[in-house]
Each structure stands twice: as structure tokens, then as C-alpha cells.
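Novice:
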Amino acid sequence: MPDSPSDFIRDMVRADVAAGKHGGKVVTRFPPEPNGHLHIGHAKAICVDFGVAKEFGGRCHLRMDDTNPTTEDVSYVEAIKRDVKWLGFDWGEHLYYASDYFQRFYDLAEKLVERGRAYVCDLPDEEFGRSYRGTITEAGKDSPYRTRTPAENLELFRGMRDGKFKDGEKVLRAKIDMSSPNMKMRDPPLVRIKHAHHYRTGDSWCIYPLYDYAHCLEDSFEGVTHSLCTMEFESARELYDWVISATEVPHVPQQTEFARLNLTYTVMSKRRLLQLVEQKRVSDWDDPRMPTIAGFRRRGYTPESIRDFIGRVGVAKNLSTVDVALLESCVRDDLDRRSPRVMCILKPLELVIESFPENEVEELEAPHWPAGTEPGADIAENLRGSRKLPFSRTLLIDRDDFAEDPPAGWKRLAPGREVRLRHGYFVTCTRVEHEGGQVSRVICTHDPATRGGIASDGAKNVGTIHWLSAAHAKDVEVRVYDRLFTTENPGSDESTDWLLELNPASLTVVRAKGEPCLAQAEPSARFQFERVGFFTADPDGKPGAPVFNRTVALKDAWARQTAKAAPTKAAPLVSQPATTEDKKPAAPLSPEANALVTAHGVTAGEARVLVQDAVLGALFAAAVAAPEGEALAKQIASVLVNDLLGEMRAKKIDALPFDGKALVELVQLGQAGTISTKQSKDVLAEMIASGKPARAIVEAKGMKQIASADALGPIVDQVLLANADVVARYRGGNVNVFGAIVGLVMKQTKGQGNPKVIADLVKEKLA
RNA sequence: UCCGGCGUCGUCUAAUGGCAGGACAGAGGAUUUUGAUUCCUCUUACGAAGGUUCGAAUCCUUCCGUCGGAACCA
1 MPDSPSDFIR DMVRADVAAG KHGGKVVTRF PPEPNGHLHI GHAKAICVDF GVAKEFGGRC
61 HLRMDDTNPT TEDVSYVEAI KRDVKWLGFD WGEHLYYASD YFQRFYDLAE KLVERGRAYV
121 CDLPDEEFGR SYRGTITEAG KDSPYRTRTP AENLELFRGM RDGKFKDGEK VLRAKIDMSS
181 PNMKMRDPPL VRIKHAHHYR TGDSWCIYPL YDYAHCLEDS FEGVTHSLCT MEFESARELY
241 DWVISATEVP HVPQQTEFAR LNLTYTVMSK RRLLQLVEQK RVSDWDDPRM PTIAGFRRRG
301 YTPESIRDFI GRVGVAKNLS TVDVALLESC VRDDLDRRSP RVMCILKPLE LVIESFPENE
361 VEELEAPHWP AGTEPGADIA ENLRGSRKLP FSRTLLIDRD DFAEDPPAGW KRLAPGREVR
421 LRHGYFVTCT RVEHEGGQVS RVICTHDPAT RGGIASDGAK NVGTIHWLSA AHAKDVEVRV
481 YDRLFTTENP GSDESTDWLL ELNPASLTVV RAKGEPCLAQ AEPSARFQFE RVGFFTADPD
541 GKPGAPVFNR TVALKDAWAR QTAKAAPTKA APLVSQPATT EDKKPAAPLS PEANALVTAH
601 GVTAGEARVL VQDAVLGALF AAAVAAPEGE ALAKQIASVL VNDLLGEMRA KKIDALPFDG
661 KALVELVQLG QAGTISTKQS KDVLAEMIAS GKPARAIVEA KGMKQIASAD ALGPIVDQVL
721 LANADVVARY RGGNVNVFGA IVGLVMKQTK GQGNPKVIAD LVKEKLA
């Protein structure tokens with residue numbers, strides 16, 4: 001079993017399950033809007049949603065988030081279902097539609113109205129935005145309709161439902177806070193009027209809920225425990241929680257955000273993908289150059305390779321653009337194991353073997369699979385073993401495998417040079433014929449002793465090229481796909497048209513020649529064209545007239561080497577702009593903070609926090625006022641700011657169960673040497689959790705500090721002996737492991753050793 | 001500019017105060033009837049400055065950068 005992935009989401013879910021949250025159950029959902037095709041970015045969400053559910057024994061729902069009738073269609077529903085299935089995920093019985101909940105959304109909205117948590121607003125959209133919402137820096141003001149009574153609102157809301165108003169004439173708003181720093185909380189619309197036909201509910205509704213109102217309720221209705229979405233919904237989370245709480249629905253789901261996937265050399269936004277299709281820059285949504293699931297499928301990608309890719313990308317919150325080379329590496333890796341090898345000539349050049357009889361045809365045995373590779377169950381019968389290759393006097397080779405004037409390092413054919421024809425014979429070029437200024441025919445002799453490609457004299461360092469018998473080769477159409485864009489981040493420069501960054505050579509159609517077995521290839525059959533790349537049969541092909549898409553090229557060390565030898569661009573001579581980090585000076589300390597610095601000798605940074613944070617400030621004041629507090633003011637401030645603040649943030653708490661006197665006691669224990677600074681942090685955490693006094697905690701846990709070198713010495717010796725490898729690394733010059741050695745001793749003493757004494761001992765013993 | 005998020009090799013991602021690890025990309029080499037595959041070796045990173053600590057990528061402060069948020073879209 002591959003090692004199961006670990007990331008911040010899985011860590012959170014694991015902790016929730018362990019804590020018995022939701023009875024230890026895990027329910028996730030993948031909620032696309034059926035208004036477009038799924039792309040590789042969705043594949044990440046699908047893998048995360050379904051993957052997390054599966055790993056924790058839960059389930060994942062497929063939910064069509066179809067709350068906007070004007071954009072959605074059943075054809076998208078079908079495409080989405082097919083794509084999710086193809087990726088290898090199964091929602092079982094759990095296919096849901098937001099549109100099935102319209103009545104429930106409505107009923108809960110009536111309840112909000114009755115409770116005075118929502119109101120009907122008559123302000124037109126633009127006017128609300130212009131005159132009431134405010135800006136990011138200024139608070140908004142209340143809508144004049146905000147004070148309508150629940151009864152009045154109820155009647156109007158029912159009127160909305162009954163079609164008494166036109167689109168945009170009225171809207172149901174949440175009554176929250178027009179001065180919230182989070183714009184999402186400034187009385188957001190919950191339900192709008194739309195006289196439009198819905199692809200599922202027809203004309204039964206003329207009001208439709210908005211995302212922020214509907215989505216959290218959908219999650220709640222379905223018992224979703226972990227609602228995983230992308231980062232742009234982060235500021236919507238506050239509203240998500242508001243709706244759940246205001247509607248008083250019994251099940252409370254939790255939203256968590258992660259970064260969406262971006263890929264180099266491609267665009268991912270629905271808007272841009274649509275533009276590519278509509279402007280016929282690509283053939284359709286499933287054009288093999290599109291980053292859609294359908295595009296990757298047609299290109300010949302396997303679902304396994306895409307899942308592997310998503311796994312390797314990982315899940316985090318960083319904005320990221322993954323190198324498409326990683327995806328290509330994943331698909332090569334997968335295809336290498338599952339593709340039969342065949343020969344196909346993309347740029348045919350005639351090769352005549354003078355020494356071979358005119359009308360003779362020989363059959364040579366050639367395995368479809370490299371040694372050690374077994375064909376999978378899905379491989380056609382005729383491709384499972386080996387095939388007979390016809391060999392005759394007139395062959396075809398690839399133009400790229402012949403050079404009249406070969407560069408240094410050339411291992412292919414050239415005048416006077418010998419190469420191996422794969423599975424065939426060694427041939428030597430004797431002369432060349434030209435036509436119209438270019439090579440038209442290569443004349444060779446063959447070595448009959450090398451039949452099957454086996455070197456007669458054990459010669460190893462001979463290049464190998466692929467070939468076909470001219471008379472037996474079949475016509476095949478090959479579509480060579482390359483990256484759709486020439487730039488790593490198309491559209492990142494707003495000042496230019498992103499369409500200008502399209503790669504004009506993203507598709508090259510080649511009339512190629514292939515082995516006989518290719519003529520009958522079933523659509524979606526996959527091959528490796530040896531020395532060229534991985535290809536898949538396209539549905540456009542017909543029996544006898546096959547079409548192949550290049551999924552991905554083989555790695556090509558020779559091409560890389562030659563590209564490097566001939567630099568394409570002159571190095572830019574622009575000098576690096578000086579990195580003058582013009583620094584804004586830190587804001588000056590407030591008078592209150594200054595007073596703390598002069599009165600108690602705390603640092604400026606600490607004073608700043610104590611002034612700014614009311615809870616900590618009050619605690620500090622109480623502590624220094626307590627008996628013996630003033631003498632310890634500096635230490636108290638340090639504990640408060642450097643330890644307590646971080647602890648409170650991590651645990652998301654804003655009130656403390658102990659007072660200033662308790663804090664003084666903790667600091668005193670540290671000053672007296674009863675406990676170490678490390679232990680002091682543990683005690684502090686315990687004080688936050690239980691509110692017990694420091695001394696009681698210390699006694700209950702039997703904490704003490706071992707500071708005597710006599711007691712610590714033997715332990716240090718033992719650790720040094722047991723970790724000879726670490727010690728060796730320290731002696732080798734890695735000073736960083738010093739801390740690790742101290743840590744190991746600390747662990748031995750169960751945290752009771754005095755780290756300073758230990759550090760001195762270690763230093764002394766390793767000197 | 002307000003609120004929020006995020007800053008680790010070229011790229012993506014680990015580390016839960018104690019040896020900055022992995023993958024891809026790149027470089028070099030071995031094997032090879034695919035200049036492929038496979039195998040080995042190597043280069044390269046904690047945004048900056050302060051503070052707390054025996055010890056900081058990790059805790060605190062300030063600054064810098066970057067992304068998201070002011071749709072009757074999702």
C-alpha cells in the first residue's frame with residue numbers, strides 16, 4: 001500500500017475523528033455548478049473530497065450546485081458525472097441537486113424573516129452598491145428598508161415567491177452589519193427574483209437562493225461534516241457560519257479552504273476556456289490541448305496518472321502554480337508500464353539496402369513489450385506478445401535519424417556510419433541521393449550476421465533507429481500536440497492580450513507511416529511509438545485510416561543537449577536593478593507603550609502588544625501590582641507576549657481562567673529554578689486549560705528541574721554513546737545537530753534536565 | 001487604502017521549539033537492441049530585520065512581497 005498522504009486537512013479530519021466529532025463520521029462533497037466542463041483544477045477538488053472521505057471510512061456526495069437557472073444545463077450534469085466516474089470515483093447513492101432543496105431554502109428564509117434576521121430590500125442593486133454598501137475603508141449605511149417589520153417582510157417575501165415583482169425589484173437580505181470590515185457581512189442578498197426557466201424545476205420558482213445562503217444549508221441538509229473548498233471562499237466562511245447559526249439548522253458543517261491548482265503553460269478559468277472554444281482556438285471542450293478532464297482523456301492521459309499527479313502536488317494553502325512537467329512525468333511513468341511498443345515514422349525518408357535481394361521479404365520477430373513488462377488486462381490480444389515485422393530492400397526511416405554532416409556526438413545514421421535497425425540488421429550508409437536540394441534516398445549495405453539486431457562482434461556503442469518496410473507501411477494520421485501557450489503563466493500580464501500567448505505550433509498534423517497492427521487500433525488504445533512518444537488512438541480514426549494523438553513525448557536527452565549547444569537567445573544585458581529595499585520605518589511607539597518601557601523595562605515590542613491587547617494588558621497590570629510582581633515585570637511581560645499570546649492564538653481563545661497573581665507564581669517558579677523555561681511553557685498551557693495555579697500543576701506532575709552536573713553527566717554520556725551517528729555528524733562539522741543532541745538528553749530526562757547545564761556538558765564532552 | 005489568507009530549493013511540498021527531508025526540473029555517471037526505462041551521485045531553499053529561548057522555519061514584533069474579498073455568479 002502506498003503511504004497515505006498527510007496534509008493539514010487530513011490532519012484536521014484525523015483529529016476530529018479521534019475527538020469523536022460528528023460521532024466520528026466523515027462526510028464530504030464535491031459540489032460543481034453544472035454550467036461548464038470539469039478541468040484539472042476540479043480534479044484536485046475531486047481527489048481531495050473523495051479521497052479524504054474514503055481514507056476515513058466516510059462518504060462523499062456528488063452535488064450539482066444548480067441555484068442559478070440562467071447558466072445551467074442537463075448536458076453539463078451528464079458530462080460531470082462521466083468525468084468524475086472516469087477519474088475513478090464513485091458517489092454511490094449520493095447524487096444530490098441543490099434544486100431539490102428549493103422548498104427547504106424557502107421555508108428557512110421565512111423563518112429568518114419571522115425572527116427579524118432578514119428583510120426585503122427594494123433598493124436596486126446598483127444603488128445599494130453605490131450608496132449603501134460603503135467601501136473597503138468606509139462603513140456602509142443601513143438600507144431604508146431595513147426597519148420593515150417581520151410581518152411586512154413576510155408578506156413581501158411571499159409576494160416575491162408568488163411572482164408579484166419583476167427581476168431585481170426586490171431582494172431578501174440578511175440583516176447583519178453594514179459596518180462589518182468583512183464586506184461579505186454587509187447585509188448580503190440571500191434570495192433574488194429571477195423569472196427564468198430552470199432545467200430541473202422548470203417554472204415552479206421565480207426566486208432562487210444565492211450561493212452564500214444555499215451552500216451551507218445544502219451541506220447541513222446532507223450531513224456534510226467537512227465542507228472543503230478553495231481559498232477564494234475564505235472570506236465567505238463568516239457568512240457560512242452566520243447562516244447555519246441564524247437558521248438554527250440542527251447539523252453544523254465546517255468549511256475549510258485549500259489552494260486551488262494552477263498549471264504552467266495553461267489557463268484554467270472557466271471564462272478563458274470558454275473563450276478558447278467559442279473563438280475556435282481549439283476544436284471543442286475535449287480538444288486534447290484543453291486542460292479539461294475530457295481533453296486529458298482524449299489526449300490519452302490515464303485517470304491513474306492524474307490521481308498520482310494530484311497526490312504528488314499535495315494540499316496546502318499556498319498560492320501555487322505547479323510545473324506541467326510534473327504532470328508529464330506522472331503520465332510517462334504510468335504509460336511506460338502499460339503501452340505496447342510499436343514503430344511509426346513521422347518524417348519518412350527512403351532507405352535502400354543494396355545488399356538485400358530485390359523481391360525478398362523477411363519476417364523478423366519483435367516483442368511489443370520490453371523485458372520484464374507484462375501487458376495489462378485491457379491490452380488487445382494481437383498486442384500482448386510479439387509481432388512479425390516485414391523486412392525488405394526498401395525501407396523507411398525518419399529524416400531526423402539521418403545527417404549528411406553529423407554534429408559531434410551523433411549516434412544515428414550518416415554517410416559511412418553504421419547503425420542498428422531496431423529488431424532488424426546493422427546497416428552502413430554507403431551513399432546518398434538528392435532531389436530538389438534535399439536528401440531523397442539513403443543507400444546502405446547490411447550485415448547479414450546481425451539479424452534481429454544482435455551485434456555479431458559484440459559491438460555495443462552503436463545507435464539504434466526505428467524503421468518500416470516501405471511496401472508494408474500503413475498510412476496513419478498523427479496529431480502532434482504541444483503546450484497550448486508559449487508562456488509559463490499566460491494572462492499574467494494584464495496589459496497584453498493573453499490570446500497572443502497561444503502557441504501557434506500547439507498542433508501539428510502529420511501524415512505518417514505505421515506498422516500494420518496500427519491500422520486496426522481501437523479508439524483510446526495506447527501505444528509507445530518507439531523513440532518518439534506515447535500515443536493514443538483518437539475516435540476520429542476509422543478502420544484502415546487511424547488517427548493518433550500524441551499524449552506526451554519521450555524524454556529526449558539528445559534534443560536537450562543540442563538545444564543547449566545552440567542558445568536561442570542572447571543573454572539579456574540588462575543590469576539587475578539594485579534591490580534597494582526602501583523600508584518604511586516602524587510606527588513610533590505610543591505614549592502608553594513608552595510608559596511601560598520606562599516604568600518596567602519591558603522591550604518596545606512587548607510594550608506594543610501589552611497596549612494593543614486589552615486582555616494581556618490588564619493581566620500585566622494586575623501581575624505587576626501583585627506582591628513581588630514589580631520585581632519580575634520583565635519576565636512577566638516576556639511570558640505574556642512571547643508565550644501566552646501564541647498559545648491563545650493557536651487555541652483560538654480570548655479569555656483566561658487565571659489572574660495576575662497566578663502569573664507571578666509561574667514566573668517565580670521559573671526564577672527560583674524549580675522548573676525550566678521549557679517546563680514553564682507546559683505549565684502555562686495547563687493553566688490555560690484548567691485554570692489551576694502553577695504550583696499545584698508542578699506538584700501534581702511531579703515536575704522538578706535537574707540542574708546538577710553530577711546527575712546529568714551519566715545521562716549525557718549514555719545519549720552520546722547511543723547516538724554515535726549523530727555525534728559523528730557533529731564532529732564532522734554539522735553544528736546544527738548540537739541542538740538535536742541536547743534535545744535527546746532532554747527527552748531522556750523527561751524534560752526535567754536543565755538545558756543550559758546539559759548544553760555545557762555536551763559541549764565539554766565533545767570538545 | 002480596510003479586512004482576511006499565504007511567504008521553505010527553479011517548481012510543488014514536508015517539519016508540530018531539537019539533524020531543513022521528499023518529488024519534479026537541472027547537472028554528471030553506470031546499465032541499455034528506444035539518446036527511453038532503470039540505477040547511482042550531485043548542485044540549489046526557511047522574504048527581511050529585531051525580540052524570546054540553552055536551542056527558532058516553527059513563538060512575539062515591525063517591515064516587505066503576494067493572493068482573495070466591495071456579483072441580485074458559484
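The first sequence maps to residues 1 to 767 in our numbering. Don't be surprised by glycine CBs; every beta carbon is placed ideally from N, CA and C. Since the model is a prediction, treat every value here as computed from it, not as a measurement.
1. From Ala18 to Ile706, what distance separates their C-alpha atoms?
2. Suppose only complete runs of 4+ residues qualify. What are the alpha helix (DSSP H) ranges in the region 25-95, listed by chain order?
3. Could you tell me if Arg312 is buried or exposed, where buried requires 16 or more neighbouring beta carbons within 10 angstroms of its beta carbon?
4. Closest by CA to Glu232, which one among Tyr119, Leu87, Phe258 and Gly605?
5. May I have the straight-line CA-CA distance separating Lys750 from Ser708, to the nearest angstrom?
6. May I have the straight-line CA-CA distance separating Asn489 from Ala759, to the nearest angstrom?
7. Around the C-beta of Pro543, are 16 or more other C-beta atoms found within 10 angstroms, so that it is buried, or is it exposed?
8. So for Thr464, helix, strand or coil by DSSP?
9. For Asp482, which residues from the same chain have a beta carbon less than 7 Å from its beta carbon, with the 5 sequence-adjacent residues on both sides left out?
10. So which of Ser495, Gln561 and Ala473 has the shortest CA-CA distance to Ala519?
11. Determine the direct distance from the alpha carbon of Glu354 to that of Phe426, and round the result to whole angstroms.
12. Note down the Cα distance separating Ala15 from Pro516, rounded to an integer number of angstroms.
13. In terms of alpha-carbon separation, which member of Glu530, Glu93, Ile675 and Ser469 lies closest to Phe775?
14. Let's test the definition: count the other Cβ atoms within 10 Å of the Cβ of Val735 and tell me whether it reaches 16, buried, or not, exposed.
15. Using CA coordinates, which residue listed in Gly452, Glu433, Glu55 and Ile454 is at the minimum distance from Ser4?
16. Tell me where the alpha helix (DSSP H) around His215 begins and ends.
17. Helix or strand or just coil, what does DSSP make of Ala18?
18. The alpha helix (DSSP H) that contains Asp760, what's its start and end?
19. In this structure, how does DSSP classify Thr487 when only helix, strand and coil are distinguished?
20. Could you give the distance in angstroms between the alpha-carbon of Arg649 and the alpha-carbon of Val641?
21. If you compare alpha carbons, which of Gly732, Gln748 and Ala614 is closest to Leu766?
22. Looking only at its chain, what residues have a beta carbon closer than 8 Å to the beta carbon of Ala604, apart from the 5 residues adjacent to it on each side?
23. Thinking C-alpha only, which one of Thr230, Pro209 and Leu712 is nearest Leu108?
24. Would you please state the rounded distance, in angstroms, between the beta carbons of Asp65 and His215? I believe it to be under 8 Å.
25. Quick one: any contact between the region 537-555 and the region 433-443, if contact means 3 or more CB pairs under 8 Å?
26. Grouping DSSP H, G and I as helix and E and B as strand, with all else coil, what is Ala622?
27. Taking Pro348 as part of the beta strand (DSSP E), name the residues at either end of that continuous run.
28. Give every residue of the same chain whose Cβ lies closer than 7 Å to the Cβ of Ser77, excluding the five residues on either side of it in the sequence, and list them in chain order.
29. Could you say if the region 278-286 and the region 259-269 meet the contact criterion of at least three C-beta pairs nearer than 8 Å?
30. Just confirm the distance between the C-beta atoms of Ser227 and Pro253, as a whole number of angstroms; I'd bet it's less than 8 Å.
31. What residue range is occupied by the uninterrupted beta strand (DSSP E) comprising Arg526?
32. Give me, in chain order, the residues of the same chain whose beta-carbon lies closer than 8 Å to that of Glu522; leave out the 5 immediate sequence neighbours on both sides.
33. Straight-line CA distance for Thr568 to Arg560?
34. Using only alpha-carbon positions, find the residue among Ala525, Arg387, Leu395 and Thr321 that is nearest to Lys347.
35. Bridge partners of Pro367, per DSSP?
36. Quick test of the definition: if touching needs 3 or more C-beta pairs under 8 Å, does the region 114-126 touch the region 76-90?
Specialist: Here's the rundown:
1. 35 Å
2. 40-55 and 74-86
3. exposed
4. Phe258
5. 15 Å
6. 50 Å
7. exposed
8. strand
9. Asn503, Ala505 and Ser506
10. Ala473
11. 13 Å
12. 58 Å
13. Residue 775 falls outside the range modelled here, since the chain spans only 1 to 767, and no answer is possible.
14. exposed
15. Glu55
16. Tyr211 to Phe221
17. helix
18. Pro755 to Leu766
19. coil
20. 11 Å
21. Gly732
22. Leu589, Ala593 and Val597
23. Pro209
24. 7 Å
25. no
26. helix
27. Pro348 to Ile353
28. It is Val, not Ser, that sits at residue 77 in the sequence shown. Cβ within range, chain order: Pro34 and Met64.
29. no
30. 5 Å
31. Arg526 to Phe529
32. Ala380 and Ala537
33. Unreliable placement is indicated for Thr568, whose pLDDT of 46 sits below 50; no coordinate value is reported for it.
34. Leu395
35. Ser386
36. no
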